[in-house]
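K.L.:
All residue numbers for the sequence shown refer to my numbering, where the first residue is 209 and numbers rise by one.
Every residue gets a Cβ at the ideal spot worked out from N, C-alpha and C, and that includes glycine.
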Amino acid sequence: MGSTEKLTAARVEALFASDLATGCRAGRRRADAAIRRALRAHGGTRGCLAAMATEYGDHPETAVPRSAWARRLVDRLYPTHCTRG
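#1: Tell me whether L228 is buried or exposed, calling it buried when 16 or more other Cβ atoms sit within 10 Å of its Cβ.
#2: What's the gap between the Cα of L215 and the Cα of A271?
#3: Inspect the CB distances between the stretch 274 to 287 and the stretch 216 to 236 and report whether three or more fall short of 8 angstroms.
#4: Tell me the DSSP secondary structure of T212 in three-state form.
#5: Who are the near neighbours of W277 in its chain, counting only those whose CB is closer than 7 angstroms to its CB and skipping five residues on each side?
#6: I need the straight-line Cα distance from D266 to G251, nearest angstrom please.
Written out as structure tokens, the structure is:
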């Protein structure tokens, strides 16, 4: 996994673990703030991933749509640009 993919995954995990409501169409500043709060609250990226894993185990019916929402939000707010070599 490259650094771009790792950063994308970390953002998704942090937004999943954040206090933003599922479905929220936050802008970049609001998402950045939510990511920072989640990282602090959960002790970093591993803590956010652990919170995500716990939710998948305890509440898969809500974890799946929340994960999809977080990924869509990250894709919209933090686009990656591929270049050909």
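P.N.:
Reading off the structure:
#1: If you number the sequence shown from 1, residue 228 lands on position 20. Under this definition L228 is a buried residue.
#2: Looking up residue 215 in the sequence shown gives position 7. Looking up residue 271 in the sequence shown gives position 63. Straight-line Cα distance between these residues: approximately 20 angstroms.
#3: yes
#4: Translated into the one-based positions of the sequence shown, residue 212 becomes position 4. In this structure, T212 counts as helix in the three-state DSSP scheme.
#5: For the purposes of this step, residue 277 is taken as residue 69 along the sequence shown, with counting starting at 1. Cβ within range, chain order: T230, G231.
#6: Residue mapping note: residue 266 aligns to position 58 of the sequence shown, counting from 1. Residue mapping note: residue 251 aligns to position 43 of the sequence shown, counting from 1. Distance between the alpha carbons of D266 and G251 is about 21 angstroms.
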